[in-house]
Amino acid sequence: MARERISQADEWQAWAQRYDIDGGIRTFESGLTLKVFLGALFVGLLMMPGSIYLSYVSGQSGAGAAPWVAVILFTELARRSFTTARRQELYMLLGLTGAAVGSGLQYRGFIWYAYFINTPQAESYEIADKIPFWVAPARDSIAIAERSLLHMDWFWPIAIFLIMKLLGTIRGISAGYILFRLTADLERLPYPLAPIDAQGATALAETTGRTETWRWRVFSIGSMAGLIWGFIYVGVPSLTGVMMTKPIEILKIPFIDFTQSIEGFAPTGVFALSTDFGQMLVGFVMPFPIIISEFITAMLTQFVLNPQILYRFEILHQWKAGLDVRGVGLFNSLDFWLSYGMGKSFSFAIVGMAASIPMLIKFRKSQSQKTGQRGSLQPPPGRGDFPIWLMGLLWLFGMGTFVWLVHWMVPNFPLAFLLGFAFLYTPLNSYITARTFGILGRDLFEIPYIHETTFILSRYEEIDIWFVPLPDEDYGRGTQGWRVLELTGTTFTSNIAAQLLIMPILLVSGIVVYHFIWKIAPIPSSQYPYVQTWWPIHATNEALWKTSLRDGNSQMLQAIRGDYVAAGFSSTLALYGLLWVVKLPSMWFYGIAGGIGGDPGMMMPRLLGAVIGRFYMIKRFGLKRWFMFNPVLAAGFACGVGLIGMGTVAIALVSKAVIVKPF
């Protein structure tokens, strides 16, 4: 029997429907109460230092776990007070706590450029003295020498950032709301992945009743597993780092490098085993074809394609024996994979565009056949909607002011490019993304290297343009958040009010917390193994890109070869065409193409999770029950890791703060 060809829309919606076990509700209540606001603020600010610390130690911020910690504390207090917690309150608590914990990480760029401006890479590429004043103070600044964010030398970088943050919030809320009204209300797009996000609040809202459900039991199992793993992976290094100059790592963070071990039979191959086995939970959730196909192609890349073909034909010519995964990866990228990856990215854009246009047309026709008419812009009662014209004016104000500010920062850059990005590209791209999220629950394509192409076309060679946020934004991703608000029955007005109330508090507290953590130890240093491992190679990449257009003869431009770009573009399109002919689902294409050039060691935890889920968990619990369990299990695991991580990090921070001396 011939295989039936399945469209991408049908394929991904069928996968997402496995998780849609709740029906949407249509009665709306405010999720913003005083206890929710204070609870989110307390837990968020309490865990913010640990979140920042974790990001430097292990590369995991812990911000995803903190909201669940807050919700559990909230629900337990509600049970002991013989009251119930509404799902609207819990969803609001999740959002506010996540924003509070993650708010400190938004200042990470300040610490990065304070480090980068004094690196040998910035010096050798002659850009250390060309970094604009609104990015970081001068390299000899007292603020950098004393590791202090609370210094007047940081006035302009922080002031520009705060203004950008306010304008970004205005644009994000207004544009996201308008696109949601057009796609969800008028076009009735289903947003298939939104119910997954809405399940968390539903799961824990049930626990405030008299009976516990399967959700709470599964959440508890995940939490215990997270506690054990968190102690092994994060707790031990954090606690031993208090007493020793170099922390003890039971599992080396962030990976165990086997690249030098395989160079005898696979020169130019890389294999760095990721030690973050929390990624197994990602393997539980992601489609199995993507996981298995990307791993197989990554293995073929590193053990066949790189050593037996590209190296033998001297395409990978900069490799030397004894290099670690970072050095091999950098040289391989400059020799071949950077150019090939560019071509692959362009092919993804073509494939996504070719698939999305007929898909959107087909979906519109099917909806009109089912209902006889499209939806209405008339909002349901009680949802807390706003006049679309008002949101349009807010977006125009936010975008216009943003363009003016960027023009002030780089006055010699052609204004026409900024206006084109802001008022042509951004609205069109955002609408396309909103529609693909509404149908598939994910972004289908994006135009690759659009900044670099713009800089080349503008013939602008100054370095300052690389540090400016261009107005090529995409608000389509944010539309799903509005759909989740609708599914949980949370009024839109309460969500916006909560964001505006908590934002100024978080902006100030984030700077103070980051200042305190920077004071404890230099970043990077042995106290922060993750950034000590990766930041030097990131500095090299940053210097290469920042100088790529200078004099038209940079090392980066020399590394980009048209024939390799064409090879990446044509081979990826050929792969898609072959799979289309044999009628294999598109998931195989994205897995195979995504794994080409990848490191299989980094994929091992996800692969292990996918195999366990596919060949044990589904047989043990059944397909439907397992897909009901694993989102809640993943949330519980994140909570467990967060609890142990925040506890041990708090001990480490307090201990280090006590022994800090003023000399």
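Number 155 in the working numbering belongs to position 112 of the sequence shown; there are no gaps in the numbering. The beta carbon of each residue, even a glycine, is placed where N, CA and C say it ideally should be.
Query                                                                                                                                                                                : Result
Which residue's Cα is closest to the Cα of Met135: Ser98, His450 and Phe80?                                                                                                          : Phe80
Which residue marks the beginning of the alpha helix (DSSP H) containing Ser98, and which one marks its end?                                                                         : Leu77 to Val100
If you follow the alpha helix (DSSP H) that Ile299 is in, where does it begin and where does it stop?                                                                                : Unbroken run through Ile299 is the beta strand (DSSP E), Phe298 to Asp300; no alpha helix (DSSP H).
Below 8 Å on the Cβ atoms is my contact criterion, and I expect Met324 with Ala677 to pass it. Report the Cβ-Cβ distance as a whole number of Å.                                     : Note that residue 324 is Leu in the sequence shown, not Met. So it is a contact: roughly 4 Å between Cβ atoms.
Please list the terminal residues of the continuous beta strand (DSSP E) segment that includes Ser317.                                                                               : Ala315 to Ser317
Pull the bridge partners of Glu72 from the DSSP assignment, please.                                                                                                                  : Thr533
Mapping the DSSP letters down to three states, classify Lys626 as helix, strand or coil.                                                                                             : coil
Please report the straight-line C-alpha distance between Thr283 and Thr615, rounded to a whole angstrom.                                                                             : 48 Å
Assign Glu292 to one of three DSSP states: helix, strand, or coil.                                                                                                                   : coil
Here's the rule I'm using: 16 or more other beta-carbon atoms within 10 Å means buried, otherwise exposed. How should Leu666 be labelled?                                            : exposed
Taking the C-alpha atoms as reference points, what is the distance between Gln131 and Gly141?                                                                                        : 16 Å
With distances taken from CA atoms, which of Gly219, Gly690, Lys562 and Asp196 is nearest Ile431?                                                                                    : Gly219
Looking only at its own chain, which residues have a Cβ that is under 7 Å from the Cβ of Ile560, when we skip the five neighbours before and after it?                               : Pro92, Ile95 and Tyr96
So the candidates are Thr590, Val654, Trp631 and Arg663; which of them puts its Cα closest to the Cα of Gln164?                                                                      : Thr590
Would you kindly report the start and end of the unbroken alpha helix (DSSP H) that includes Val371?                                                                                 : Val368 to Asn375
Could you compute how far the alpha carbon of Pro567 sits from the alpha carbon of Met671?                                                                                           : 41 Å
Which residue comes first and which comes last in the alpha helix (DSSP H) that contains Ser569?                                                                                     : Note, Ser569: premise wrong, no alpha helix (DSSP H); not H, not E.
Closest by CA to Ile506, which one among Glu72, Ile174, Leu120 and Lys78?                                                                                                            : Ile174
What residue from Val114, Leu84, Ile333 and Leu77 has the CA that sits closest to Gly683's CA?                                                                                       : Val114
Within the same chain, show all residues whose beta-carbon is closer than 7 Å to that of Gly147, passing over the 5 residues directly before and after it, in chain order.           : Met91, Ser94, Ile95, Gly553, Val556 and Tyr557
Is the separation between the beta-carbon of Met722 and that of Pro233 shorter than 8 Å?                                                                                             : Residue 722 falls outside the range modelled here, since the chain spans only 44 to 706, and no answer is possible.
If Ser336 sits next to Ile635, beta carbons under 8 Å apart, how far is it from one beta carbon to the other, in whole angstroms?                                                    : 5 Å
Ile352: buried (16+ other C-beta within 10 angstroms of its C-beta) or exposed?                                                                                                      : exposed
Cα separation between Ala582 and Gly265?                                                                                                                                             : 37 Å
Rounded to the nearest angstrom, what separates Phe612 and Pro572 at their Cα positions?                                                                                             : 37 Å
Assign Leu686 to buried or exposed, taking buried as 16 or more other Cβ atoms, counted over all protein chains shown, within 10 Å of its Cβ.                                        : buried
What's the gap between the Cα of Phe320 and the Cα of Arg649?                                                                                                                        : 8 Å
Entirely within the segment 318-358 and at least 4 residues each: give me those alpha helix (DSSP H) ranges in chain order.                                                          : 323-328 and 331-343
Can you tell me whether DSSP reads Ile694 as helix, strand or coil?                                                                                                                  : helix
Let's see if you can read the secondary structure: which residues bound the alpha helix (DSSP H) around Pro643?                                                                      : Pro643 to Ile655
Could you check the C-alpha separation between Phe298 and Trp447 for me, to the nearest Å?                                                                                           : 44 Å
Might you give, ordered along the chain, the residues of its own chain that have their beta carbon closer than 7 Å to the beta carbon of Gly384, omitting 5 neighbours on each side? : Gly611 and Gly640
What is the rounded straight-line gap between the Cα of Gly415 and the Cα of Ala541?                                                                                                 : Bear in mind that a pLDDT of 39 at Gly415, under 50, signals an unreliable position, so the number given afterwards is only what the model happens to contain. Using only the alpha carbons, I get a separation of about 39 Å.
Hey, Val261 and Val675: beta-carbon distance below 8 Å or not?                                                                                                                       : yes
For Leu294 versus Met647, is the C-beta distance shorter than 8 Å?                                                                                                                   : no
Mind reading off the beta-carbon distance from Gly435 to Phe480? Whole number of angstroms is fine, and I expect it under 8 Å.                                                       : About 21 Å separates the two Cβ atoms, so there is no contact after all.
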